[in-house]
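Numbered according to my numbering, the sequence shown spans residues 1394 to 1581.
Single-structure report; data block below.
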Amino acid sequence: MEAIKKKMQTMKLEKDNAIDRAETAEQQSREANARADKADEEVRVLQKKIQQIENELDSVQEQLTSFNIELEEKEVSLRNAELEVSTLNKRVQLLEETLEKSEERLKVSTQQLDETSQVADETERQRKSLENQTNLDDDKKSVLETELNQTRSQLTESEKNNEEMTRKIGVLESALEQAEQRVNEGER
């Protein structure tokens, strides 16, 4: 009977130990399940973040493509503007040369007029003849002055066009710098 009591006590101890181990295992299982749930939640959060980052990456890539296209368009516009400025500079140079020639012709015409006036003072008869020549020279002078005024007007217009093109180039360079800045910020 004593042996049975001991056996019963031993079995009761084993049962209590088994219950304690079971409770400990259940507690560990609950903790493991909680950790697994937390890990699953973290995985879901990370997947959402990955999805957001992928969406942002797509958006940034689209913006980069758009900026690259804009940059290429600005570069084409800049090249066209530079070509136009170069053309206008050549035209201004030609107009300046024409102006110099016109001024030289005016100087020559003025000298001829002076010579004609001196000859007219020598004789009365030659005065009438030379007066006609002077009138012709005056007409030439008027024509030359008209040409000079037109040339000056063209030069002024060319200078205005040159200034406008210089301003446009400045605006384009500023826009280009802003586009490059946005592209650089987009790459970050």
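For glycine and all other residues, C-beta sits at the position ideal for the given N, C-alpha and C.
Residue i classed as buried or exposed, judged by whether at least 16 other C-beta atoms fall within 10 angstroms
i     : result
D1409 : exposed
D1530 : buried
L1450 : exposed
T1544 : buried
D1488 : The sequence given here has Leu at residue 1488, not Asp. L1488 should be labelled buried.
Contacting residues, own chain, Cβ-Cβ under 6 Å from residue i (five flanking each side not counted)
i     : result
L1492 : T1544
V1478 : M1558
V1453 : G1579
Other residues of its chain near residue i: CB distance less than 8 Å, five sequence neighbours each side excluded
i     : result
K1467 : L1565, A1568, L1569, A1572
D1506 : The amino acid at residue 1506 is misidentified as Asp; the sequence shows Leu. Result list for L1506: T1527, D1530, D1531, K1534, in chain order.
R1484 : S1551
Beta-carbon proximity list for residue i, same chain, < 7 Å, skipping 5 on both sides
i     : result
L1595 : The displayed coordinates of the chain run from 1394 to 1581. Any statement about residue 1595 would go beyond what the structure contains.
A1474 : M1558, K1561, I1562, L1565
E1463 : A1572
Would you check if the stretch 1495-1503 and the stretch 1533-1548 touch, i.e. whether three or more CB-CB distances between them fall below 8 Å? The answer is yes - the stretch 1495-1503 touches the stretch 1533-1548, with three or more Cβ pairs under 8 Å.
Check whether the stretch 1431-1438 and the stretch 1547-1556 are in contact - that is, three or more C-beta pairs closer than 8 Å. Touching, no, given that fewer than three Cβ pairs across the two stretches are closer than 8 Å.
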